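Colleague:
Residue numbers (our numbering): 222 to 301.
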């Protein structure tokens, strides 16, 4: 069975043990259910998945000719 080490309500590590008493002796007191793992939350009764972080924004695309033309028009330039 896979047991979890919990710190401040967060699973910080998981390990495979054949015996629950040994798992507890090594500091892994909670049975880790399928579908949960390191980073997930345990409140002493129930498990929940960690919130998904917001994705980092991708790089801005290089301006193309149309972007430059639109910018020139907005700025009042008559020639590009």
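Ideal Cβ placement from N, Cα and C applies to all residues, glycine included.
Just so it is clear, the structure is predicted and the values come from calculations on it, not from any experiment.
How about residue 271 and residue 255: do their beta carbons lie closer than 8 Å?
Modeller: The residue given as residue 271 occupies position 50 in the chain shown. The residue given as residue 255 occupies position 34 in the chain shown. No, the Cβ-Cβ distance between residue 271 and residue 255 is not below 8 Å.
Colleague: Could you compute how far the alpha carbon of residue 237 sits from the alpha carbon of residue 258?
Modeller: What you label residue 237 is simply residue 16 of the chain shown in a count that begins at 1. What you label residue 258 is simply residue 37 of the chain shown in a count that begins at 1. Cα-Cα distance, rounded: 12 Å.
Colleague: With C-beta atoms as the reference, is residue 224 less than 8 Å away from residue 244?
Modeller: Numbered from 1 along the chain shown, position 3 holds the residue referred to as residue 224. Numbered from 1 along the chain shown, position 23 holds the residue referred to as residue 244. It is a contact, given that the beta carbons lie within the stated cut-off.
Colleague: Which residues in the same chain as residue 249 place their Cβ atom closer than 8 Å to its Cβ, once the five residues preceding and following it in sequence are excluded?
Modeller: Walking along the chain shown from the start, residue 249 turns up at place 28. Sequence-distant Cβ neighbours of residue 249 in its own chain, meaning closer than 8 Å and more than five residues away, are 224, 225, 226, 234, 235, 236, 238.
Colleague: Is the beta carbon of residue 232 closer than 8 Å to that of residue 253?
Modeller: Residue 253 sits at position 32 when you count from the first residue of the chain shown. Residue 232 sits at position 11 when you count from the first residue of the chain shown. Cβ distance < 8 Å, so residue 253 and residue 232 count as in contact.
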